[in-house]
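Following: one structure in structure tokens, then a few remarks.
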Amino acid sequence: MPTPWPTRKPALRDERSFASVAEEHLDDVYRYLLYMTGNPHLAEDLAAETFERALKRWRRFDPRRGAARTWLCQLARGTALDHFRSERRRRRREGVYASDIPELGDPVFGEGLSPELDRAVRSLSAAEREVVVLRVVLELDGETAARVLGIRPTAVSTRLSRALQKLEERMVSDVRG
Amino acid sequence: MSEASYLVELREGAPRAPEVLRELVRELPPTRQARTIPPIRPLLVAGTGIAVAVAVVAAAISGIHGSGSSNQGARAVELRATRDFSPQIPSHGAAASGAYRAAPGLTAPSRLQSQDVSMSMRVKDLSGATQSAVRTTRRLGGFVAGADYSTGSNTGYSRLGLRIPIANLQQAIASFTGLGTILSQHISVADLQTGLDQLNARIATARKAGHKKQVTRLERRRAALVREGTYAKVALQLTTTKPTAKHVVPSRFDRFWDNTKDILGKEAIGVLYFLVIAGPFIFLAALALLGERARRRRADHRLLEETG
Numbered sequence: 149m150p151t152p153w154p155t156r157k158p159a160l161r162d163e164r165s166f167a168s169v170a171e172e173h174l175d176d177v178y179r180y181l182l183y184m185t186g187n188p189h190l191a192e193d194l195a196a197e198t199f200e201r202a203l204k205r206w207r208r209f210d211p212r213r214g215a216a217r218t219w220l221c222q223l224a225r226g227t228a229l230d231h232f233r234s235e236r237r238r239r240r241r242e243g244v245y246a247s248d249i250p251e252l253g254d255p256v257f258g259e260g261l262s263p264e265l266d267r268a269v270r271s272l273s274a275a276e277r278e279v280v281v282l283r284v285v286l287e288l289d290g291e292t293a294a295r296v297l298g299i300r301p302t303a304v305s306t307r308l309s310r311a312l313q314k315l316e317e318r319m320v321s322d323v324r325g
Numbered sequence: 006m007s008e009a010s011y012l013v014e015l016r017e018g019a020p021r022a023p024e025v026l027r028e029l030v031r032e033l034p035p036t037r038q039a040r041t042i043p044p045i046r047p048l049l050v051a052g053t054g055i056a057v058a059v060a061v062v063a064a065a066i067s068g069i070h071g072s073g074s075s076n077q078g079a080r081a082v083e084l085r086a087t088r089d090f091s092p093q094i095p096s097h098g099a100a101a102s103g104a105y106r107a108a109p110g111l112t113a114p115s116r117l118q119s120q121d122v123s124m125s126m127r128v129k130d131l132s133g134a135t136q137s138a139v140r141t142t143r144r145l146g147g148f149v150a151g152a153d154y155s156t157g158s159n160t161g162y163s164r165l166g167l168r169i170p171i172a173n174l175q176q177a178i179a180s181f182t183g184l185g186t187i188l189s190q191h192i193s194v195a196d197l198q199t200g201l202d203q204l205n206a207r208i209a210t211a212r213k214a215g216h217k218k219q220v221t222r223l224e225r226r227r228a229a230l231v232r233e234g235t236y237a238k239v240a241l242q243l244t245t246t247k248p249t250a251k252h253v254v255p256s257r258f259d260r261f262w263d264n265t266k267d268i269l270g271k272e273a274i275g276v277l278y279f280l281v282i283a284g285p286f287i288f289l290a291a292l293a294l295l296g297e298r299a300r301r302r303r304a305d306h307r308l309l310e311e312t313g
């Protein structure tokens, strides 16, 4: 079997179907949306919407500009932000407030998560959970996370540091309390 | 609980997507990745590159077209030299007198004419050249009507007003051109024959009528007219001042390069003009776009901060 001649642009050569890419990164997108919303049902809906968007825009995806996972996370972020904006408008219009995060007995952010850690994560803002999920759970590097968030890598580090500090403080206070 | 342990817990305990969602994704149509919309940034870069290449090629083509053949260039220079007697043309008596003959349709030996010649020359030895010009004038039957001679530490000039018999004018010019390098030459010819014919007719009429005084007056006028047509006025200016820059006959490549530079310069001016006009608007639009993006980013972050 002859060895295939190496090409400089493997991403272009490696054309894959959208379904296979979506399936590969499904968990990551779902986790990201779950951390942003704190609601498994909402995360599921938004993930489905994200993949619908992604399917429509799949022809515009350029693998040279970033990995598929980064692109999907960016789309997921946009979907979540759209949802939050519409929710805010709805709340203003109706003059009521209802928390997105349901008070469930089971941990939301992971099946084996300790209740203290789950509560601590739940107490963070969406912006803080977002950076935690990108850097810690999805293990994106600083530059990729920065690209998803549309900020500089140093800002990502700062946000992550503050979020983890806050998380730790909440956990400690929860254990003491 | 250490920091590392809760981070590991978060990572390992990360939830998996529900099976329903997985099924939904599996049912997605198998779209193949095929780019139909090219990215804007490479297009812009490619477009700029093509525009620059077109501009350079157009300038080069224009430069080649404008440079002409080497013969054409040489002929153009020769023509210019004949017309202006540019300093780069070495002066030879024969060539210069040929130039005098080249003004030819102007002179007519059978008619009485007044001729004014003005020559400007650069010489090495101002004193020697002046004396030589005066000697030549006298030898050819002419005389010096006026002279202005001045020398300084580096430069000097000599202006001679000469009267030379028209019959010897060509010989005089040939001799003067041997004094140095011709900087300029001007020849003007005015016809006196018509006036002479009229005077002759009036004299004949006056004689028939027996008007002696009028005949005398008219004959005096005719003598003056004939004298004017006998001697040519030559204004000879000799100088030692060197030209500011040596004019070199450009080669075909030089002409090509000059033309190309001209076109490129004009194109650059056009681009600059466009930038000056449109630049502020482009800058403001870019600023507005960046500002809007920053504002939206801040608003998004605020929204996420507010969302629990």
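Line order of the protein sequences matches chains W and Y.
Going from the first sequence to our numbering is simple: count from 1 and add 148.
Going from the second sequence to our numbering is simple: count from 1 and add 5.
Heads up, the beta-carbon is just placed ideally off N, CA and C, and yes, glycines get one too.
None of these values were measured; they are calculated from a predicted model.
Q.
Just to make sure I have the definition right: I need the residues of chain Y whose C-beta is within less than 7 Å of the C-beta of W:GLY298. Which are they?
A. Position 150 of the first sequence, counting from 1, holds the residue named residue 298 of chain W. Ordered by position in chain Y, the residues that pass the 7 Å Cβ test against W:GLY298 are ARG302.
Q.
Would Y:LEU269 and Y:GLY234 qualify as a contact pair, given that the criterion is a beta-carbon distance under 9 Å?
A. Your numbering for residue 269 of chain Y matches position 264 in the second sequence. Your numbering for residue 234 of chain Y matches position 229 in the second sequence. No, the pair does not count as a contact, with Cβ atoms beyond the cut-off.
Q | Contacts that W:ARG179 makes with chain Y (C-beta to C-beta distance below 9 Å) | A | Translated into positions along the first sequence, residue 179 of chain W becomes position 31. The contacting residues are ALA19, PRO20, ARG21 and ALA22.
Q. Quick one: is W:LEU255 near chain Y, going by C-beta distance under 9 Å?
A. Walking along the first sequence from the start, residue 255 of chain W turns up at place 107. It is Pro, not Leu, that sits at residue 255 of chain W in the sequence shown. Yes, W:PRO255 counts as interfacial toward chain Y.
Q | Cβ neighbours of W:GLU291 in the same chain (closer than 7 Å, five flanking residues each side left out) | A | The residue you call residue 291 of chain W lines up with position 143 of the first sequence. Excluding residues up to 5 positions away in sequence, PRO301 lie with their Cβ nearer than 7 Å to the Cβ of W:GLU291 in the same chain.
Q: Could you name the residues that DSSP lists as bridge partners for Y:HIS191?
A: Here the question's residue 191 of chain Y lines up with position 186 in the second sequence. Looking at the DSSP assignment, Y:HIS191 forms a beta bridge with Y:SER123.
Q: Please list, in chain order, all residues of the same chain as Y:GLY18 whose beta carbon is under 8 Å from its beta carbon, the five residues on each side excluded.
A: Position 13 of the second sequence, counted from the start, is the residue given in the question as residue 18 of chain Y. If we look at Y:GLY18 and ignore the five residues flanking it on each side, it has no Cβ neighbours.
Q: Report the option in Y:ASP121, Y:PHE148 and Y:VAL128 whose CA atom is closest to the CA atom of Y:GLY183.
A: As a position in the second sequence, residue 183 of chain Y is number 178, starting the count at 1. It is Y:VAL128 whose Cα lies nearest to the Cα of Y:GLY183.
Q.
Can you check whether the C-beta of W:SER309 is within less than 9 Å of a C-beta belonging to chain Y?
A. Stepping through the first sequence from its first residue, residue 309 of chain W is reached at position 161. No, no contact with chain Y.
Q | Whether Y:THR135 touches Y:LEU167 by CB criterion (9 Å) | A | Within the second sequence, residue 135 of chain Y is the residue found at index 130, counting from 1. Within the second sequence, residue 167 of chain Y is the residue found at index 162, counting from 1. Cβ atoms of Y:THR135 and Y:LEU167: not closer than 9 Å.
Q. What number of angstroms, rounded off, separates the C-alpha of Y:ALA291 from the C-alpha of Y:GLU297?
A. Position 286 of the second sequence, counted from the first residue, corresponds to residue 291 of chain Y. Position 292 of the second sequence, counted from the first residue, corresponds to residue 297 of chain Y. Straight-line Cα distance between these residues: approximately 10 Å.
Q: Measure the C-alpha to C-alpha separation of W:GLY215 and Y:ALA60 and round it to an integer number of angstroms.
A: Here residue 215 of chain W corresponds to residue number 67 of the first sequence, with the count starting at 1. Here residue 60 of chain Y corresponds to residue number 55 of the second sequence, with the count starting at 1. Looking at the sequence shown, residue 215 of chain W is not Gly but Ala. Distance between the alpha carbons of W:ALA215 and Y:ALA60 is about 38 Å.
Q. Among W:SER262, W:ALA228 and W:ARG240, which one has its Cα closest to the Cα of W:ALA196?
A. Numbered from 1 along the first sequence, position 48 holds the residue referred to as residue 196 of chain W. The option with the nearest alpha carbon to W:ALA196 is W:ALA228.
Q) Whose Cβ in chain Y lies nearer than 9 Å to the Cβ of W:GLU171? A) Residue 171 of chain W sits at position 23 when you count from the first residue of the first sequence. By Cβ distance, chain Y contributes ARG27, VAL30, ARG31 and LEU33.
Q) Along the chain, where does the beta strand (DSSP E) that runs through Y:ASP153 open and close? A) Taking the second sequence and counting its residues from 1, one reaches residue 153 of chain Y at position 148. Looking at the DSSP string, the run of the beta strand (DSSP E) that includes Y:ASP153 is 148–156.
Q: Quick one: residues in its chain with C-beta nearer than 7 Å to the C-beta of Y:ALA65, no 5 flanking neighbours on either side, listed in chain order?
A: Indexing the second sequence from 1 puts residue 65 of chain Y at position 60. The answer, listed in chain order, is THR265.
Q. Taking Y:PHE30 as the reference, which of W:GLY226, W:THR198 and W:VAL284 has the closest Cα?
A. Translated into the one-based positions of the second sequence, residue 30 of chain Y becomes position 25. According to the sequence provided, residue 30 of chain Y is Val. The question's Phe does not apply to it. For Y:VAL30, the nearest C-alpha among the options comes from W:THR198.
Q) Among Y:ILE169, Y:GLN120 and Y:ILE208, which one has its Cα closest to the Cα of Y:SER191? A) In the second sequence, residue 191 of chain Y corresponds to position 186, counting from 1. The question names Ser, but residue 191 of chain Y is His in the sequence shown. Nearest C-alpha to Y:HIS191: Y:GLN120.
(Q) Against chain W, with Cβ distances strictly below 9 Å, would Y:HIS70 count as a contact? (A) In the second sequence, counting from the first residue as 1, residue 70 of chain Y sits at position 65. Cβ-Cβ to chain W under 9 Å: no for Y:HIS70.
Q) Just by C-beta distance, which residues in the segment 211–224 of chain W are closer than 9 Å to chain Y? A) PRO211, ARG212 and ARG213
Q: Measure from the alpha carbon of W:THR187 to the alpha carbon of each residue in W:LEU265, W:PHE257 and W:LEU312, then state which is nearest.
A: Stepping through the first sequence from its first residue, residue 187 of chain W is reached at position 39. According to the sequence provided, residue 187 of chain W is Asn. The question's Thr does not apply to it. Answer by Cα proximity: W:PHE257.
(Q) Buried or exposed for Y:ILE169, going by 16 or more other Cβ atoms inside 10 Å? (A) Residue 169 of chain Y sits at position 164 when you count from the first residue of the second sequence. Looking at its Cβ environment, which holds 16 or more other Cβ atoms inside 10 Å, Y:ILE169 is buried.
Q. Within the 9 Å Cβ cut-off, does Y:ARG257 reach chain W?
A. In the second sequence, counting from the first residue as 1, residue 257 of chain Y sits at position 252. No, Y:ARG257 lies away from the interface with chain W (no Cβ there is under 9 Å from its Cβ).
Q: Label Y:TYR236 either buried or exposed according to how many other C-beta atoms from any shown protein chain fall within 10 Å of its C-beta, with 16 as the threshold for buried.
A: As a position in the second sequence, residue 236 of chain Y is number 231, starting the count at 1. Around the Cβ of Y:TYR236, a 10 Å sphere holds 16 or more other Cβ atoms; the residue is buried.
**Q.** Alpha-carbon spacing of Y:ARG21 relative to W:ARG307, whole angstroms
**A.** Walking along the second sequence from the start, residue 21 of chain Y turns up at place 16. Walking along the first sequence from the start, residue 307 of chain W turns up at place 159. The straight-line gap from Cα to Cα measures roughly 25 Å.
(Q) Taking only three categories from DSSP, how would you classify Y:ALA22? (A) What you label residue 22 of chain Y is simply residue 17 of the second sequence in a count that begins at 1. Of the three classes helix, strand and coil, the one that applies to Y:ALA22 here is coil, per DSSP.
Q: Classify W:PRO263 as helix, strand or coil using the three-state DSSP reduction.
A: Sequence index remark: in the first sequence, residue 263 of chain W carries index 115 (1-based). In the structure shown, W:PRO263 sits in a helix (DSSP, three-state: H, G or I).
Q | Which listed residue (W:LEU265, W:LEU203, W:PRO255 and W:LEU312) has its alpha carbon closest to that of W:SER219 | A | Translated into positions along the first sequence, residue 219 of chain W becomes position 71. For the sequence presented, residue 219 of chain W should be read as Trp rather than Ser. It is W:LEU203.
Q. So, does the CB of W:ASP289 fall closer than 9 Å to a CB anywhere in chain Y?
A. Reading the first sequence from its first residue, position 141 is the one you call residue 289 of chain W. So, not an interface residue.
Q. So, W:TYR183 versus W:VAL269, is the Cβ gap smaller than 9 Å?
A. As a first step, residue 183 of chain W must be located in the first sequence, where it is residue number 35. As a first step, residue 269 of chain W must be located in the first sequence, where it is residue number 121. Contact flag set, yes.
Q) CB W:ARG201 to CB W:LEU223, shorter than 9 Å? A) For the purposes of this step, residue 201 of chain W is taken as residue 53 along the first sequence, with counting starting at 1. For the purposes of this step, residue 223 of chain W is taken as residue 75 along the first sequence, with counting starting at 1. It is a contact, given that the beta carbons lie within the stated cut-off.
Q: Determine the direct distance from the alpha carbon of W:PRO211 to that of Y:LEU48, and round the result to whole angstroms.
A: In the second sequence, residue 48 of chain Y corresponds to position 43, counting from 1. In the first sequence, residue 211 of chain W corresponds to position 63, counting from 1. Between Y:LEU48 and W:PRO211, the C-alpha separation is close to 16 Å.
(Q) With H, G and I counted as helix, E and B as strand and the rest as coil, what does DSSP make of W:LEU182? (A) Reading the first sequence from its first residue, position 34 is the one you call residue 182 of chain W. Three-state result, W:LEU182: helix.
Q: Anything in chain W within Cβ reach of Y:LEU15, meaning under 8 Å, just list it in chain order.
A: Taking the second sequence and counting its residues from 1, the one referred to as residue 15 of chain Y is at position 10. Per Cβ cutoff of 8 Å: PHE257, GLY258, LEU261, LEU265, VAL269, VAL280, VAL284 and VAL285.
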